[in-house]
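Participant:
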Amino acid sequence: MTTHPSPLKAPPPGAAGAGGATPAARPPRRTRSASPANRSGWTPWLYLLPALVLLAGLLVYPIYQLGLISFLEYTQAQVSGGEPTTFQGFGNYATLFNDSQFWQVLLATVLFAAACVVSTLVVGCALAVLLTRIRALPRLALMMAALGAWATPAITGSTVWVFLFDPDFGPVNKVLGLGDFSWTYGRYSAFALVLLEVLWCSFPFVMVTVYAGIRAIPTEVLEAASLDGASQWRIWRTIMAPMLKPILIVVTIQSIIWDFKVFTQIYVMTNGGGIAGQNLVLNVYAYQKAFASSQYSLGSAIGVVMLVILLAVTLVYLRLVRRQGEEL
Amino acid sequence: MSATTGSAVRTRPGGGGGVRALLRVKRPGRLAAEAAALLIAVAVAFPLYWMVLSAFKPAGEIQSTDARPWTLAPSLDSFRRVFEQQDFGRYFLNSLLVAGTVVILSALVAFLAATAVTRFRFRFRTTLLIMFLVAQMVPVEALAIPLFFLMRDFGQLNTLGSLILPHLAFSLPFAIWMLRGFVKAVPEALEEAAYIDGASRTRFLWQILFPLVFPGLVATSVFSFITTWNDFLFAKSFIISDTSQSTLPMALLVFFKPDENDWGGIMAASTVMTIPVLVFFVLVQRRLVSGLGGAVKD
Chain X
1 MTTHPSPLKA PPPGAAGAGG ATPAARPPRR TRSASPANRS GWTPWLYLLP
51 ALVLLAGLLV YPIYQLGLIS FLEYTQAQVS GGEPTTFQGF GNYATLFNDS
101 QFWQVLLATV LFAAACVVST LVVGCALAVL LTRIRALPRL ALMMAALGAW
151 ATPAITGSTV WVFLFDPDFG PVNKVLGLGD FSWTYGRYSA FALVLLEVLW
201 CSFPFVMVTV YAGIRAIPTE VLEAASLDGA SQWRIWRTIM APMLKPILIV
251 VTIQSIIWDF KVFTQIYVMT NGGGIAGQNL VLNVYAYQKA FASSQYSLGS
301 AIGVVMLVIL LAVTLVYLRL VRRQGEEL
Chain W
329 MSATTGSAVR TRPGGGGGVR ALLRVKRPGR LAAEAAALLI AVAVAFPLYW
379 MVLSAFKPAG EIQSTDARPW TLAPSLDSFR RVFEQQDFGR YFLNSLLVAG
429 TVVILSALVA FLAATAVTRF RFRFRTTLLI MFLVAQMVPV EALAIPLFFL
479 MRDFGQLNTL GSLILPHLAF SLPFAIWMLR GFVKAVPEAL EEAAYIDGAS
529 RTRFLWQILF PLVFPGLVAT SVFSFITTWN DFLFAKSFII SDTSQSTLPM
579 ALLVFFKPDE NDWGGIMAAS TVMTIPVLVF FVLVQRRLVS GLGGAVKD
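Which chain is which? The protein sequence lines are X and W, in order.
Here the working numbering is used: position 187 in the first sequence is 187, and no number is missing along the way.
Here the working numbering is used: position 106 in the second sequence is 434, and no number is missing along the way.
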């Protein structure tokens, strides 16, 4: 993009409008887009102020607090002010890491999230491709059904799915002839049930986004390829896949983040983490520790662990984005 | 039917018509694909159908072990129970108030911020952008603990404010990130023309840029509306004693009972809770799809 020196503010001496004639006030770096308003020192910060205040107060500060609490002894006694808070160092983390349940929950979280991500991506992409191959009416039907699933609040989706699979009154067991098999009783069947619900409500995002991406590929490119005699498969592999890569990265990362943080579904469908905590994931585990048993420090330590894991995912994402040369 | 390609061209000029023409498989294959799509659509819609159906079923039929996919005697009993027993209307209004406030405020704040990071060059711009990206990844559930203490210190527990404020902050990073593409898409020539014609910066911002970016704001709002409307964790943790400040998800939980769940009530409450979101989605559906395309393509 070319630069457009402003005719109003700080007109460049002499050569007005000459490309690249950057006035001294502008940062030396050649700017990509230079709207007339862009040399106004404080204006962008003024625009950013509300957002930054909100984020600092309700995101950054709580993160700092989370870290702090994870190093303290903080239980009901300290919350009510009955006892002074004491610094524990890494004590809470030591407690956590020596607890075999934590490792079990961590493993379950990772595996469960991975299963959710993979199934969401596979189903979402497959259906996006399917959408490109069918006529308007069936496409509208599938799109509307998917939007319905997408729009359904997590809590209602959870209750409906539990009801569908209810051993006594649900239609699923009846159709499958499973009798009074209880899905939420076993560990794996309970996770499978939650996975189905998560898949149901999150594949639409992938499907719609990837579909929009396929539609955005310029027709000329594909036509040229097919005129040159490229096969369908080749067009897919060498043209569409690379062009869809940015979109695929976005949906993958978003899915990882969402599925790693599943809370409502597990909480509602397995009644707070399943029998004897067999269906706990980190999120629910932290919540139970903090709010159910008032071990706020342990809950915070789990929160910090989650934060670190998700931060790592983010860094990988940033690297991928940067490697593609996309400008931020 | 030969109208297919035509309609595709109509919905998105210069877009997918050709793609589909290229990808179009032979007729039997396409029919199979269409049959599969319809089957999948039915399967995907089924849970919602079952929810609404169960909400209208009379109590006896819900508790029957013979789960029939229809009802011959629809009744409003479950809905009546929902609205009479629980102060459901109140919860509904609370939910609407919280989600509505978050949507409007976050749209305005995000619009300003997105304008700042796309139409200005300044120091730390890239750093800020990366921070917005990172902020999206923060597991907000983990922040329930510190936010709980923060809200307590500010005396906000048991108020709707304790739900509005956190959601406002959480929806911002994503909203800014998404709006970026829309703001960027507005040609700079337009901005120059406005200034040449003597428009002030404020005037340009609200009278020219804002209307142009509005479709993007709609797409973004869907996300903040849904996350706020769906919120279960904060409503559960922050509204501890004053149930008059509760939101819909909490009201729903009342129908879960240790011995016997009131499935009719749960399904009726779920229906009431889902309909507004569905309506919202259908209304903005087209803008949402193109908005996602725009944001991602960017």
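The beta carbon of each residue, even a glycine, is placed where N, CA and C say it ideally should be.
1) Going along the chain, which residues of the region 421-432 of chain W sit with their C-beta nearer than 9 Å to a C-beta in chain X?
2) Use the C-beta contact count for X:R29: other C-beta atoms within 10 angstroms, 16 or more gives buried, fewer gives exposed.
3) Could you pull the DSSP bridge partners for X:E73 from this structure?
4) Report the CB separation of X:Y285 from X:I302 in whole angstroms; it is logged as a contact under 8 Å.
5) Counting C-beta neighbours from all protein chains within 10 Å, is the total for W:L611 16 or more, i.e. buried, or is it exposed?
6) Can you find a C-beta in chain X that's less than 8 Å from the C-beta of W:W534?
7) Please classify W:N422 as buried or exposed, where buried requires at least 16 other C-beta atoms within 10 Å of its C-beta.
8) If you count every other CB in all the chains shown that lies within 10 Å of the CB of W:G544, and 16 or more means buried, which is it?
9) Could you tell me whether any Cβ in chain X is nearer than 8 Å to the Cβ of W:S403?
10) Helix, strand or coil for W:L404? Go by DSSP, reduced to three states.
11) Establish whether the CB of W:W505 and some CB of chain C are separated by less than 8 Å.
12) Would you kindly report the start and end of the unbroken alpha helix (DSSP H) that includes W:T455?
13) Any beta carbon from chain W within less than 8 Å of X:L307's own beta carbon?
14) Consult DSSP for W:E520 and reduce its assignment to one of helix, strand or coil.
15) Under DSSP, the alpha helix (DSSP H) around W:G388 begins and ends at which residues?
16) In angstroms with no decimal places, state the Cα-to-Cα distance between X:P84 and X:S293.
17) May I ask which residues mark the beginning and end of the alpha helix (DSSP H) holding X:Q104?
18) Does DSSP classify W:R449 as helix, strand or coil?
19) With three or more C-beta pairs closer than 8 Å as the rule, is the region 392-406 of chain W touching the region 161-170 of chain X?
20) Please confirm whether W:A547 and W:L616 have their CB atoms less than 8 Å apart.
21) If we define contact as Cβ-Cβ less than 8 Å, is W:Q391 a contact residue for chain X?
22) Determine the closest residue to X:P153 out of X:T252, X:V268, X:A56 and X:F97, with distance taken between C-alpha atoms.
23) Decide if W:P501 is buried, meaning its Cβ has at least 16 other Cβ atoms within 10 Å, or exposed.
24) Where does W:S574 sit, in a helix, a strand or coil, going by DSSP?
25) Between X:F169 and the ligand ZN, is the CB less than 7 Å from at least one heavy atom?
26) What does a CB cutoff of less than 6 Å around X:K174 pick up in its chain, not counting 5 residues either side in sequence?
27) When you check each C-beta in the region 169-190 of chain X against every C-beta of chain W, which residues fall closer than 8 Å?
28) Is there a Cβ from chain X that is less than 8 Å from the Cβ of W:P474?
29) Do you know how far the Cα of W:G592 is from the Cα of W:L581?
30) Can you name, in chain order, every residue of its own chain whose Cβ lies under 8 Å from the Cβ of X:A146, other than the five neighbours on each side?
31) When DSSP labels each residue in this structure, what does X:T219 get in the three-state scheme?
32) Determine, using beta carbons only, whether X:P246 and W:E362 come nearer to each other than 8 Å.
33) Buried or exposed, going by whether 16 or more other CB atoms sit within 10 Å of the CB of X:N279?
34) Would you mind working out which of W:F560, W:I568, W:S565 and W:R409 sits nearest X:L159, comparing C-alpha positions?
Facilitator: Short version:
1) none
2) The count along the first sequence starts at 1 and reaches residue 29 of chain X at position 29. Bear in mind that a pLDDT of 43 at X:R29, under 50, signals an unreliable position, so the number given afterwards is only what the model happens to contain. X:R29 should be labelled exposed.
3) Taking the first sequence and counting its residues from 1, the one referred to as residue 73 of chain X is at position 73. For X:E73, which the question treats as bridged, DSSP gives the partners X:T86.
4) Locating residue 285 of chain X in the first sequence gives position 285, where the first residue counts as 1. Locating residue 302 of chain X in the first sequence gives position 302, where the first residue counts as 1. The pair is a contact, with the Cβ atoms about 6 Å apart (cut-off 8 Å).
5) Along the second sequence, read from residue 1 onward, the residue named residue 611 of chain W stands at position 283. Classification of W:L611: exposed, given that the 10 Å Cβ count is below 16.
6) Working through the second sequence from its first residue, we reach residue 534 of chain W at position 206. No, W:W534 does not count as interfacial toward chain X.
7) Taking the second sequence and counting its residues from 1, the one referred to as residue 422 of chain W is at position 94. Label assigned to W:N422: buried.
8) Against the second sequence, residue 544 of chain W aligns to sequence position 216. Counting Cβ neighbours within 10 Å, W:G544 comes out buried, since at least 16 surround it.
9) Sequence index remark: in the second sequence, residue 403 of chain W carries index 75 (1-based). Cβ-Cβ to chain X under 8 Å: no for W:S403.
10) On the second sequence, position 76 is the one that residue 404 of chain W refers to. Coil at W:L404, not helix or strand.
11) Among the chains of the structure shown, chain C does not appear; the protein chains present are X and W.
12) Numbered from 1 along the second sequence, position 127 holds the residue referred to as residue 455 of chain W. Its alpha helix (DSSP H) spans residues R453 to M465.
13) In the first sequence, residue 307 of chain X corresponds to position 307, counting from 1. Yes, X:L307 counts as interfacial toward chain W.
14) The count along the second sequence starts at 1 and reaches residue 520 of chain W at position 192. In this structure, W:E520 counts as helix in the three-state DSSP scheme.
15) To locate residue 388 of chain W, count along the second sequence from 1; it is residue 60. That run of the alpha helix (DSSP H) goes A387 to I390.
16) In the first sequence, residue 84 of chain X corresponds to position 84, counting from 1. In the first sequence, residue 293 of chain X corresponds to position 293, counting from 1. Taking the straight line joining both Cα atoms gives about 19 Å.
17) Position 104 of the first sequence, counted from the start, is the residue given in the question as residue 104 of chain X. Here the alpha helix (DSSP H) through X:Q104 covers S100 to T132.
18) Residue numbering aside, residue 449 of chain W sits at position 121 when the second sequence is read from its first letter. Coil, per DSSP.
19) yes
20) As a working note, residue 547 of chain W is residue 219 in the second sequence. As a working note, residue 616 of chain W is residue 288 in the second sequence. Cβ atoms of W:A547 and W:L616: closer than 8 Å.
21) Stepping through the second sequence from its first residue, residue 391 of chain W is reached at position 63. Yes, W:Q391 lies at the interface with chain X (some Cβ there is under 8 Å from its Cβ).
22) Locating residue 153 of chain X in the first sequence gives position 153, counting from the first residue. If we check each option's Cα against that of X:P153, X:V268 comes out closest.
23) Residue mapping note: residue 501 of chain W aligns to position 173 of the second sequence, counting from 1. By the neighbour-count rule (16 or more Cβ atoms within 10 Å), W:P501 is buried.
24) The residue given as residue 574 of chain W occupies position 246 in the second sequence. Here W:S574 sits in coil by DSSP.
25) In terms of ligand content, the structure shown is empty, and the ligand ZN therefore cannot be addressed.
26) In the first sequence, residue 174 of chain X corresponds to position 174, counting from 1. Excluding sequence neighbours, X:K174 sits near nothing in its chain.
27) F169, G170, P171 and K174
28) As a position in the second sequence, residue 474 of chain W is number 146, starting the count at 1. Closer than 8 Å: yes.
29) Residue 581 of chain W sits at position 253 when you count from the first residue of the second sequence. Residue 592 of chain W sits at position 264 when you count from the first residue of the second sequence. C-alpha separation (whole angstroms): 13 Å.
30) Against the first sequence, residue 146 of chain X aligns to sequence position 146. So the qualifying residues of the chain are L127, F203, P204, M207 and V208.
31) Reading the first sequence from its first residue, position 219 is the one you call residue 219 of chain X. X:T219: helix per DSSP, three-state reduction.
32) Reading the first sequence from its first residue, position 246 is the one you call residue 246 of chain X. Reading the second sequence from its first residue, position 34 is the one you call residue 362 of chain W. No, the pair does not count as a contact, with Cβ atoms beyond the cut-off.
33) If you number the first sequence from 1, residue 279 of chain X lands on position 279. Burial call: buried.
34) Working through the first sequence from its first residue, we reach residue 159 of chain X at position 159. One point to set straight first is that residue 159 of chain X is Thr, not Leu, in the sequence displayed. That would be W:F560, whose Cα lies nearest to the Cα of X:T159.
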